[in-house]
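Shown next, in C-alpha cells, is the structure this report addresses.
Numbering (the numbering used here), first residue to last: 1 to 157.
Here it is as C-alpha cells:
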C-alpha cells in the first residue's frame, strides 16, 4: 500500500508542477484580452452514496455522507483533463450478512478526460470518462483490511 500511495503522491506533485509552470506569466507577452479566462476549474461536493438493487451494499450498510474534490484543466478549448478524489464512510446494519465488520471507509482516486460544452452564460455540460482506484478499508474489532479495485466510469454533469 505504501508504494501505491507514493505513486499517487508522485502523480499529484507532477500534475500540480506542470499546472504551476503553465500558469506562469511570460515576460514581454502581449496584452490581448482573453474572452474565456477559465483554464482550470475545481468542484467541491458533498454527496450521499446510495446502494441500489439487490447488493449487500444496499441491504446491509448504512452509507454516510461523502466528500468529493475534482480538478479539471482545459488542454484544448473544449477538452479537459482532470483528477477526482471521493471519500465516504459507512457502517454495517446487518452484521450477520456481512461478517464481523464494524465500519467501512471508501476512497476513490482517478484520472478523467472530458468534453466541455457551454450552452449559454449560466449553463454548461461537462461529460467525463476515466479510470481510477477504489479502496475499501474495512474495520473489525481487532483487525483492519483493505480491498482494492480499478473502476472505469463515465459521468455527465
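C-beta: ideal position from N, C-alpha, C; glycine also. Keep in mind it's a predicted model, so treat the numbers as computed, not measured.
Rounded to whole angstroms, what's the CA-CA distance from residue i to residue j? Just pull it up for me.
| i | j | result |
| --- | --- | --- |
| residue 55 | residue 105 | 17 Å |
| residue 98 | residue 143 | 15 Å |
| residue 50 | residue 63 | 7 Å |
| residue 87 | residue 131 | 16 Å |
| residue 89 | residue 53 | 19 Å |
| residue 137 | residue 124 | 36 Å |
| residue 158 | residue 121 | In the structure displayed, the chain extends from 1 to 157; residue 158 sits before or after that span and is not available. |
| residue 34 | residue 100 | At residue 34, the pLDDT of 44 sits below 50, so the modelled position is not reliable and the matter cannot be decided from this model. |
Which of the three DSSP states, helix, strand or coil, is assigned to residue i?
| i | result |
| --- | --- |
| residue 103 | strand |
| residue 97 | helix |
| residue 32 | Model confidence at residue 32 stands at a pLDDT of 46, short of 50, so the residue's coordinates are unreliable; what they give is reported in the following sentence. In the structure shown, residue 32 sits in coil (DSSP, three-state: anything other than H, G, I, E or B). |
| residue 54 | coil |
| residue 137 | strand |
| residue 108 | strand |
| residue 38 | coil |
| residue 143 | coil |
| residue 171 | Residue 171 cannot be examined here, being either before or after the span of the chain that is shown, 1 to 157. |
If we cut at 8 Å on Cβ distances, does residue i have a partner in chain B?
| i | result |
| --- | --- |
| residue 62 | Any reference to chain B falls outside this structure, which holds one protein chain only. |
What whole-angstrom Cβ distance do residue i and residue j have, given they're in contact under 8 Å?
| i | j | result |
| --- | --- | --- |
| residue 85 | residue 69 | 5 Å |
| residue 127 | residue 114 | 6 Å |
| residue 78 | residue 139 | 44 Å between Cβ atoms; not a contact. |
| residue 75 | residue 42 | Contact flag wrong, Cβ pair sits at about 16 Å. |
* Between the stretch 88 to 99 and the stretch 49 to 64, do three or more beta carbon pairs fall short of 8 Å? -> Yes: at least three Cβ pairs fall under 8 Å.
* Return the chain-ordered ranges of every beta strand (DSSP E) run that is complete within the stretch 56 to 97 and spans a minimum of 3 residues. => DSSP runs (the beta strand (DSSP E)) wholly in the stretch 56 to 97: 61 to 76 and 79 to 92.
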